[in-house]
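J.:
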DNA sequence: CGGAAAACTGGGAGCGCTTCCAGTTCCAGG
DNA sequence: CCTGGAACTGGAAGCGCTCCCAGTTTTCCG
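Residue numbers (my numbering), protein chains in the order written: chain F, -7 to 329; chain H, -7 to 329.
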């Protein structure tokens, strides 16, 4: 009697023995591969059940050379960029798509040097079957590593300066253009912009959309007032804008957080919104609905972004060659403009 | 010449051969274990460098029986609960602590049945070195599975009805009491509460704190108006409360989202805050600062919660027996109360 | 009813790394 | 110059699973 012994996980060999078949047959049953008679299949299934057997994923990974996991790496100098609810939504989408492919999600916040090194290891050691990369700054060494890695890599948003083969992005230029056009078509002519950091592709693209729309309407684009996508920098930028151009009547903020900040700065400056100054944001996060007044903004399908990234990665892992994707945006009109 | 051959990942054997030592020695160098002469160590290091060798984590995992990963599972019927920025902060903390222990983070959103089954697999198959479990509802089958799993498990917040051995929680009762006391000490006597779902421990604990404070002050607690922690249910609950008790002068909302909803409902009902009705929330998320008026709320150390969960898990994995932890909360006074 | 094709089966060789352990080498001390 | 022990070293046995392949059993026709 081996009572009290902390019963080891049972192995495939034990299953095979109990079922009176060879390990190969047992393995075939588990992966429901062909070439197994009905009788043996059932015997194995019974044994699996009796033993409460669960295959060891590590062993399987070693044998198949597939880890069964995909990584989502969020790069950035500061881990707090991850606090942006944006990423939570991306994760929800990606997680669902990976679940369909029976892959696990590894999350890597590559903020510290150490974190960055770990991602490099991951990339070079086949520690995952594929990687999704987000929020890369200009010159982020991760971009290069990823391109060199012999592993499927999907970019979420295009990194500045690179033109990756596989990516999913949102139509930032188009969305920003829509937002600006909305302001202009409402009769605003002195429309400024609070841009996001111009060393990110998102920041640049949204600024470009603003600029395009202004020029197309025969208006002079204002030089961008730059924030880092947070509420407080949005408020600061708005204050600066107000100081420099007291007469402006419209603002396009490159995201909702900064838009909310702008609303606050305008409130503090006693400039009623939208009567005096109209504001449009970008993202359509919860904050836009909650803001006072509710923020007109450009909706982007964030969960779909995550989902499509994961799907593309799964396709890549499956040996296909999917085409890059640019997801559409749409204007959501609320009270602020 | 093997030109053009997609150079396979190099293996430890190749490193050993190039360095002119046995595989064992090379392995020892990599794990910087003792019993390696200086000369050989350097030879191996040189070989590693020349080959760009990176150990295969899967093989290592199989040999050591350690996966090098910890899972964070967020349970819930609806994946969107994960959209709560709360989790993002937990992740930031957990991620940092795991990084220190050189563990990877696997994220499991156990919303669907399928997701739940995958978590069960994980728990039973040693697919991770340990698991952190969050947001469990009453009767969540995951709780039982986790307790039965022969794997380190740390709970984030105590699940209803269970009394797990290892957990990290926030002092929800104390925080809610503080919030309510703040309202009372400001002279409010007709203080109601918007509670969170009472089938969660958080919902219950915060209601209990409210109740305790009311009773302690000799006031009659109101029956809880229940929401599900979202802005809209908060607004609805506030409207219901207002309809039933038009004379109330204070509200404790079990979280900031619902607090923000309450503010909106009050605004729509034309009841000025805080003059007419004072509101206190719980969480101290970004929404509390952005709300109008800014929401007085109970700050909880969310990132620390994540960090401590991960640390506890690491200790457990390391064979230690850490003690459960309850993190303190503190009131943050803003304009709403 | 014989023979070839089709369907099964199980042995065994890995996957790449760790680790035990028997065997070597190297030094003091005697 | 020999001996015992400490410091090293490398062969070999796994870790648990997949999958090729050669061998065996069925099945199906002519």
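Don't be surprised by glycine CBs; every beta carbon is placed ideally from N, CA and C. All figures in this text were calculated on a predicted structure; none of them were measured in a lab.
When the Cα atoms are used, what is the spatial distance from residue 224 of chain H to residue 84 of chain F?
T.: Working through the second chain from its first residue, we reach residue 224 of chain H at position 232. Working through the first chain from its first residue, we reach residue 84 of chain F at position 92. Using only the alpha carbons, I get a separation of about 21 Å.
J.: For residue -5 of chain F, which residues in the same chain have their Cβ closer than 7 Å to its Cβ, ignoring the five residues on either side in sequence?
T.: In the first chain, residue -5 of chain F corresponds to position 3, counting from 1. Because residue -5 of chain F sits at a pLDDT of 32, beneath the cut-off of 50, its placement in the model cannot be relied upon, and the following sentence gives the value as read from the coordinates. None.
J.: Does the segment 90 to 99 of chain H touch the segment 104 to 115 of chain F, meaning 3 or more C-beta pairs lie closer than 8 Å?
T.: Because the criterion of three Cβ pairs below 8 Å is met, the segment 104 to 115 of chain F and the segment 90 to 99 of chain H touch.
J.: Would you mind telling me which residues of chain H sit closer than 8 Å to residue 117 of chain F, beta carbon to beta carbon, in chain order?
T.: Residue 117 of chain F sits at position 125 when you count from the first residue of the first chain. Chain H residues near residue 117 of chain F: 1, 46, 47, 48 and 49.
J.: Starting from the beta carbon of residue 41 of chain F, find every residue of chain H whose beta carbon is closer than 7 Å, and list them in chain order.
T.: Start at 1 with the first residue of the first chain, and residue 41 of chain F comes out as number 49. Neighbours of residue 41 of chain F on chain H: none; closest Cβ ~13 Å, over 7 Å.
J.: Assign residue 219 of chain H to one of three DSSP states: helix, strand, or coil.
T.: Residue 219 of chain H sits at position 227 when you count from the first residue of the second chain. In the structure shown, residue 219 of chain H sits in coil (DSSP, three-state: anything other than H, G, I, E or B).
J.: On the DSSP letters alone, give me the boundaries of the alpha helix (DSSP H) that residue 74 of chain F sits inside.
T.: One-based indexing of the first chain puts residue 74 of chain F at position 82. Residue 74 of chain F -> no alpha helix (DSSP H), and no H or E assigned at all.
J.: Check whether the Cβ atoms of residue 292 of chain F and residue 162 of chain F lie closer than 8 Å to each other.
T.: On the first chain, position 300 is the one that residue 292 of chain F refers to. On the first chain, position 170 is the one that residue 162 of chain F refers to. It is a contact, given that the beta carbons lie within the stated cut-off.
J.: Using a C-beta cutoff of 8 Å, does residue 107 of chain F count as contacting chain H?
T.: On the first chain, residue 107 of chain F is found 115 positions in, with the first residue counted as 1. So, interface residue.
J.: Go through its chain and collect everything with a Cβ distance to residue 69 of chain H's Cβ below 7 Å, but skip five positions before and after it.
T.: As a working note, residue 69 of chain H is residue 77 in the second chain. Once the five neighbours on either side are set aside, the close Cβ partners of residue 69 of chain H are 103.
J.: Is the beta carbon of residue 197 of chain H less than 8 Å from the beta carbon of residue 165 of chain H?
T.: To locate residue 197 of chain H, count along the second chain from 1; it is residue 205. To locate residue 165 of chain H, count along the second chain from 1; it is residue 173. Their beta carbons are under 8 Å apart, which means residue 197 of chain H touches residue 165 of chain H by this criterion.
J.: Contact between the segment 274 to 282 of chain H and the segment 309 to 318 of chain H: three or more CB pairs below 8 Å?
T.: Judged by Cβ distances under 8 Å, the segment 274 to 282 of chain H makes no contact with the segment 309 to 318 of chain H, as fewer than three pairs qualify.
J.: Quick one: using the 10 Å Cβ neighbour count with 16 as the cut-off for buried, is residue 207 of chain F buried or exposed?
T.: Looking up residue 207 of chain F in the first chain gives position 215. Answer is exposed; the Cβ neighbour count stays below 16.
J.: Taking the alpha carbon of residue 215 of chain H as the point to measure from, which residue in H/221, H/232 and H/137 has its own alpha carbon closest?
T.: Here residue 215 of chain H refers to the residue found at position 223 of the second chain. Residue 215 of chain H has its Cα closest to that of H/232, out of H/221, H/232 and H/137.
J.: Using the Cα positions of residue 257 of chain H and residue 136 of chain F, report the straight-line distance between them to the nearest angstrom.
T.: Mapped onto the second chain, residue 257 of chain H falls at position 265. Mapped onto the first chain, residue 136 of chain F falls at position 144. Each residue's Cα considered, the two are about 51 Å apart.
J.: Got a sec: is the Cβ-Cβ distance from residue 292 of chain F to anything in chain H below 8 Å?
T.: As a position in the first chain, residue 292 of chain F is number 300, starting the count at 1. Taking Cβ atoms only, chain H never reaches closer than 8 Å to residue 292 of chain F, which makes this a no.
J.: In three-state DSSP terms, what is residue 248 of chain F?
T.: Position 256 of the first chain, counting from 1, holds the residue named residue 248 of chain F. It is helical.
J.: Leaving out the 5 sequence neighbours to the left and right, which residues in its chain are closer than 6 Å to residue 322 of chain H when beta-carbon positions are compared?
T.: Taking the second chain and counting its residues from 1, one reaches residue 322 of chain H at position 330. Cβ within range, chain order: 291.
J.: Which residues mark the beginning and the end of the beta strand (DSSP E) in which residue 122 of chain F is found?
T.: Position 130 of the first chain holds residue 122 of chain F. Taken as a continuous stretch (DSSP letters only), the beta strand (DSSP E) holding residue 122 of chain F covers 122 to 126.
J.: I'd like to know whether the C-beta atoms of residue 39 of chain H and residue 4 of chain H end up nearer to each other than 8 Å.
T.: The count along the second chain starts at 1 and reaches residue 39 of chain H at position 47. The count along the second chain starts at 1 and reaches residue 4 of chain H at position 12. For residue 39 of chain H and residue 4 of chain H, no; Cβs fall outside 8 Å.
J.: What does residue 284 of chain F reach in chain H if we use C-beta pairs closer than 7 Å?
T.: The residue labelled residue 284 of chain F in the question sits at position 292 within the first chain. Result: 284.
J.: Please go through the same chain and pick out, in chain order, the residues whose beta-carbon is closer than 6 Å to the beta-carbon of residue 286 of chain F, but skip the five residues on each side of it.
T.: The sequence position of residue 286 of chain F within the first chain is 294, counting from 1. Cβ within range, chain order: 326 and 327.
J.: Just the Cα atoms here: how many angstroms apart are residue 180 of chain F and residue 242 of chain F?
T.: In the first chain, the residue the question calls residue 180 of chain F occupies position 188. In the first chain, the residue the question calls residue 242 of chain F occupies position 250. Cα to Cα, the separation comes out at about 6 Å.
J.: Does the segment 57 to 71 of chain F touch the segment 261 to 274 of chain F, meaning 3 or more C-beta pairs lie closer than 8 Å?
T.: Not touching, per the Cβ criterion.
J.: Under a CB-based cut-off of 8 Å, is residue 177 of chain F close to chain H?
T.: Here the question's residue 177 of chain F lines up with position 185 in the first chain. No, because no Cβ of chain H sits closer than 8 Å to the Cβ of residue 177 of chain F.
J.: Could you name the residues that DSSP lists as bridge partners for residue 275 of chain F?
T.: The count along the first chain starts at 1 and reaches residue 275 of chain F at position 283. Answer is F/291.
J.: Can you tell me which of the three DSSP states residue 214 of chain H falls into?
T.: For this step, residue 214 of chain H is matched to residue 222 along the second chain. In this structure, residue 214 of chain H counts as coil in the three-state DSSP scheme.
J.: Between the segment 170 to 178 of chain F and the segment 140 to 160 of chain F, do at least 3 Cβ pairs fall closer than 8 Å?
T.: The segment 170 to 178 of chain F vs the segment 140 to 160 of chain F: no contact.
J.: In the DSSP assignment, find the beta strand (DSSP E) that holds residue 161 of chain H and state where it starts and stops.
T.: Taking the second chain and counting its residues from 1, the one referred to as residue 161 of chain H is at position 169. Here the beta strand (DSSP E) through residue 161 of chain H covers 159 to 162.
J.: Counting only C-beta atoms, is residue 181 of chain H closer than 8 Å to chain F at any point?
T.: Within the second chain, the letter at position 189 stands for residue 181 of chain H. Chain F contact via Cβ: absent.
J.: Around the C-beta of residue 295 of chain H, are 16 or more other C-beta atoms found within 10 angstroms, so that it is buried, or is it exposed?
T.: By 1-based counting over the second chain, the position of residue 295 of chain H is 303. The residue is buried, with at least 16 neighbouring Cβ atoms inside 10 Å.
J.: Among residues of its own chain, excluding the 5 on either side of residue 99 of chain H, which ones have a beta-carbon nearer than 6 Å to its beta-carbon?
T.: Taking the second chain and counting its residues from 1, the one referred to as residue 99 of chain H is at position 107. Within the same chain, residue 99 of chain H has close Cβ partners 64.
J.: Determine the closest residue to residue 340 of chain H out of H/28, H/15, H/90 and H/234, with distance taken between C-alpha atoms.
T.: Given that chain H is displayed from residue -7 to residue 329, the structure contains no residue 340 of chain H and the question cannot be resolved.
J.: Tell me whether the segment 20 to 33 of chain H and the segment 31 to 38 of chain F touch, counting them as touching only if at least three CB pairs, one residue from each stretch, are closer than 8 Å.
T.: Touching, no, given that fewer than three Cβ pairs across the two stretches are closer than 8 Å.
J.: Closest to residue 167 of chain F by CA distance: which of F/228, F/199 and F/118 is it?
T.: Within the first chain, the letter at position 175 stands for residue 167 of chain F. Per the Cα distances, F/199.
J.: Under 8 Å, CB to CB, which of the residues in the segment 72 to 84 of chain H have a partner in chain F?
T.: Correct list: 72, 74, 75, 76, 77, 79, 80, 81, 83 and 84.
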